[in-house]
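Residue numbers (my numbering): 6 to 197.
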């Protein structure tokens with residue numbers, strides 16, 4: 006049964022050679038009609054929308070690239086401005102620091118000058134006070150020495166010196182003799 010079917014299938018109009026690759030004319034025509042039915046609406050409606058969508062997408066990408074380049078340029082400008090401001094702030098800080106150092110030195114010098122002036126004033130006041138105390142001590146010592154000298158003289162002489170003028174003359178003479186002796190002793194010690 007099968008051997009009879011195979012020769013029938015082979016014997017029918019079967020293409021051979023190059024005809025195996027080329028379809029019949031009616032298949033080509035109907036395929037072209039189907040492709041045209043699909044291609045015409047695609048080209049007329051879908052392709053422009055896809056093309057517009059792709060163009061819009063390309064513009065969005067190009068806009069993003071331009072925005073990125075603009076942002077990069079702005080960032081570079083901001084960076085350079087920041088660097089300039091930072092350098093200016095550092096210069097200002099250095100100037101303030103230098104000015105503060107100079108003001109500090111001036112304040113120290115002024116305080117030192119005032120302290121020196123105050124020290125000189127205190128020393129001068131102390132010297133005046135010492136001189137006043139020395140003069141007061143000298144006056145007091147003169148009167149005490151004078152009284153002792155007059156008492157000593159009255160014991161030696163055996164008389165009391167009651168006359169005030171005479172007592173003053175004796176005291177002055179005694180003190181001037183002491184000063185002369187003191188000067189002679191001082192000059193001889195200075196020569197040695």
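Beta carbons: idealized from backbone N, C-alpha and C, even for Gly.
Buried or exposed: residue i, going by 16 or more other Cβ atoms within 10 Å of its Cβ?
i	result
residue 120	exposed
residue 116	exposed
residue 186	exposed
Secondary structure at residue i, three-state DSSP: helix, strand or coil?
i	result
residue 53	helix
residue 46	helix
residue 18	coil
residue 26	coil
With the cut-off set at 7 angstroms, would you say residue i and residue j are in Cβ contact?
i	j	result
residue 154	residue 176	yes
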